[in-house]
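One structure is given here, and the rest of the page talks about it.
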Amino acid sequence: MLATGHDSGVLKVIISRGSGGRGYSAMNCQAATRILSVSAYPAYYSQWRKQGITLTLSPIPLGRNPYLAGLKHLNRLEQVLIRSSS
């Protein structure tokens, strides 16, 4: 964070198995892909802390898939649908 001139902020780390052949097989994956992203806190965060936020309940349920339980993944399709409906 200090290297970017921020004393606080957001560090996003994404690690994937990397690019490979066609399909879902990991057989042709050469090396993991690491992506680091550093950004400042959004300006509105301090306003949210002072004034609070409004909670809205969505009619779109989050999917529950026991096969994905405990796995970290980037599948956020339900969140995209919820955000677009608000």
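First residue of the sequence shown: 1, per full-length UniProt numbering; consecutive thereafter. Using N, Cα and C, we set each Cβ at its ideal position, and we do this for glycine too. No experiment lies behind these values; they were computed from the predicted model shown.
Close Cβ partners of residue i (< 7 Å) along its chain, the five nearest in sequence each way excluded
| i | result |
| --- | --- |
| residue 32 | 15, 16, 17 and 18 |
6 Å Cβ shell around residue i - same chain, five flanking residues per side excluded
| i | result |
| --- | --- |
| residue 21 | 28 |
| residue 57 | none |
Contact under 8 Å by Cβ, residue i with residue j
| i | j | result |
| --- | --- | --- |
| residue 13 | residue 41 | no |
Rounded Cβ spacing between residue i and residue j (contact assumed at less than 8 Å)
| i | j | result |
| --- | --- | --- |
| residue 81 | residue 53 | 21 Å between Cβ atoms; not a contact. |
For residue i, the nearest candidate out of the options (CA to CA)
| i | options | result |
| --- | --- | --- |
| residue 62 | 47, 76, 71 and 55 | 76 |
| residue 39 | 7, 25 and 23 | 7 |
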